[in-house]
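**Q** I have a structure I would like to understand better, so I am pasting it below and will then ask my questions one at a time.
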Amino acid sequence: MSQVLDTPPPTTARTTAPADDDLTALAARHGLTVSGARPSLPQYVRQLWARRHFIAAFSTAKLTAQYSQAKLGQVWQVMTPLLNAAVYYLIFGVLLQTKDGVPDYVPFLVTGVFIWTFTQSSILAGTRAISGNLGLVRALHFPRAALPISFCLQQLQQLLFSMAALVVILLVFGVPVAASWLLAIPALVLQFTFNAGVSMVMARVGAKTPDIAQLMPFVLRTWMYVSGVMWSIDHLLSRHNDLPGWVGPVLQANPAAVYIDLMRFALIDSFRASQLPDHVWMLATGWSLLAGVGGFIYFWKAEETYGRG
Numbered sequence: 023m024s025q026v027l028d029t030p031p032p033t034t035a036r037t038t039a040p041a042d043d044d045l046t047a048l049a050a051r052h053g054l055t056v057s058g059a060r061p062s063l064p065q066y067v068r069q070l071w072a073r074r075h076f077i078a079a080f081s082t083a084k085l086t087a088q089y090s091q092a093k094l095g096q097v098w099q100v101m102t103p104l105l106n107a108a109v110y111y112l113i114f115g116v117l118l119q120t121k122d123g124v125p126d127y128v129p130f131l132v133t134g135v136f137i138w139t140f141t142q143s144s145i146l147a148g149t150r151a152i153s154g155n156l157g158l159v160r161a162l163h164f165p166r167a168a169l170p171i172s173f174c175l176q177q178l179q180q181l182l183f184s185m186a187a188l189v190v191i192l193l194v195f196g197v198p199v200a201a202s203w204l205l206a207i208p209a210l211v212l213q214f215t216f217n218a219g220v221s222m223v224m225a226r227v228g229a230k231t232p233d234i235a236q237l238m239p240f241v242l243r244t245w246m247y248v249s250g251v252m253w254s255i256d257h258l259l260s261r262h263n264d265l266p267g268w269v270g271p272v273l274q275a276n277p278a279a280v281y282i283d284l285m286r287f288a289l290i291d292s293f294r295a296s297q298l299p300d301h302v303w304m305l306a307t308g309w310s311l312l313a314g315v316g317g318f319i320y321f322w323k324a325e326e327t328y329g330r331g
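Just remember that the numbering used here sits 22 ahead of the position in the sequence shown, which is counted from 1.
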């Protein structure tokens, strides 16, 4: 009986541990914040801009290392899309006769392949931007959007190398230098913004579901076949009047096709404005803003989750 009377009453969690509200107030009083908390959107943009030199240096380093083990080195930056264009010319241009009725088919095809490769490579690299760089993400504190953006910048640099070969091809096949070539600059700016936005969307999806990277090549290959890379959308619609009415607008409004056609219009004099969809620059700008701004916000909303788990 004495043992029972001498035993102190059990204490409850409320008396032994401070309440959560007390801990929150204590942390706020001493300026403590949650580790890895997501910054506000304006603050996140400022952090990203402050690391612009890192983004540029990282993309250049990745581009230099990409072919460092190959004997031809950086020559493959130009050779890879050219070889793809040669294969597509043999299969689609010669065997399937998609070149019939398309003036300057070789410049038409090479331009389409180069511009499509820019979008395809940016999205593929963006899909693995977080899941493929977990060591960097977990070791260093920086805005994670720097990774997909830097990979897109890497692909833009690679495209610019390829554009030198494209200019030679244009001149060899008799396409004259024209003032319209300057339109390639705003077209590439809009396409880069679109690619970066989609890449950030896929980076967030890929960070949570890494297996999506195995599916993306099939999705992108299907997208390529409906984007007029190897064939003319305008020529197809003019020859097949029996297609459902919605097919033409959908094919022409396809963002990949929009940027490809804008570049063809800028560089190839035989590619006329009549072959472009109505309000094409508004379409290109709209896709760029939708993907760029929407993708950035979508990526930012999961900033604190990258590299965890």
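For each residue, glycine too, the CB sits at the ideal point set by N, CA and C.
#1: Considering only their Cβ atoms, is the gap separating L305 from V280 smaller than 8 Å?
#2: Between the C-alpha atoms of A235 and G228, what's the straight-line distance to the nearest angstrom?
#3: What span of residues does the alpha helix (DSSP H) with R261 cover, start to end?
#4: Rounding to the nearest angstrom, what Cα-Cα distance links A288 and T327 in this structure?
#5: For my contact list, A168 and I77 are in at a C-beta cut-off of 8 Å; report their separation, rounded to the angstrom.
#6: Taking the Cβ atom as the reference point for each residue, do V251 and I290 lie within a distance shorter than 8 Å?
#7: If you draw a straight line from the C-alpha of Y320 to the C-alpha of G314, how long is it?
#8: Would you check if the distance between the CB atom of W322 and the CB atom of Y111 is smaller than 8 Å?
#9: Please classify F183: does DSSP put it in a helix, a strand, or coil?
#10: What residue range does the alpha helix (DSSP H) around V199 cover?
#11: Smallest Cα separation from S254: which of S292, P239, A218, R243?
#12: Roughly how many angstroms lie between the CA atoms of V248 and L204, to the nearest whole one?
#13: Helix, strand or coil for Y247 per DSSP?
#14: To the nearest whole angstrom, what separates the beta carbons of A2 and G148, a pair I think is in contact under 8 Å?
#15: How close, in whole Å, do the beta carbons of D126 and V197 come, if the pair is a contact with beta carbons under 8 Å?
#16: Look up I137 in the DSSP assignment and say whether it is helix, strand or coil.
#17: Could you check whether V159 and G341 sit closer than 8 Å to each other, using their CB atoms as the reference points?
#18: I need the DSSP call for T37, collapsed to helix, strand or coil.
#19: Drop a sphere of 10 angstroms on the beta-carbon of R286, count the other beta-carbons inside from all chains shown, and report buried for 16 or more, exposed for fewer.
#20: Taking only heavy atoms of the ligand GTP into account, decide whether any of them is closer than 7 Å to the Cβ of G228.
#21: Looking at F80 and S172, is the spacing between their C-beta atoms short of 8 Å?
#22: How long is the line joining the alpha carbons of V132 and G219, rounded to whole angstroms?
#23: With DSSP collapsed to three states, give me the class of A151.
#24: Judging by CA-CA distance, which residue of H163, A186, A151 is the nearest neighbour of R73?
#25: Measure the CB-CB distance between G351 and L284 and report whether it falls below 8 Å.
#26: Could you give the DSSP three-state label for M252: helix, strand or coil?
#27: Taking V211 as the reference, which of P129, F140, L273 has the closest Cα?
#28: P277 and W309 look like a contact to me (Cβ under 8 Å); what is the Cβ gap, rounded to whole Å?
#29: Could you check how far apart the C-beta atoms of L85 and Q142 are, in whole angstroms? I think they sit under 8 Å.
**A** Per the coordinate set shown:
#1: yes
#2: 7 Å
#3: 255-261
#4: 42 Å
#5: 5 Å
#6: no
#7: 10 Å
#8: no
#9: helix
#10: Neither: V199 is in no alpha helix (DSSP H) and is coded neither H nor E.
#11: S292
#12: 27 Å
#13: helix
#14: One cannot answer for residue 2 here, as it falls past the ends of the chain, which runs 23 to 331.
#15: 6 Å
#16: helix
#17: Nothing can be reported for residue 341, as the shown portion of the chain is limited to 23 through 331.
#18: Because the pLDDT of T37 is 47, which lies under 50, any placement of that residue in the model is unreliable, and the question is left without a value.
#19: buried
#20: You won't find the ligand GTP in this model; it holds no ligand whatsoever.
#21: yes
#22: 25 Å
#23: coil
#24: H163
#25: An answer regarding residue 351 cannot be provided, because it is not within the stretch 23 to 331 covered by the chain.
#26: coil
#27: F140
#28: 4 Å
#29: 16 Å between Cβ atoms; not a contact.
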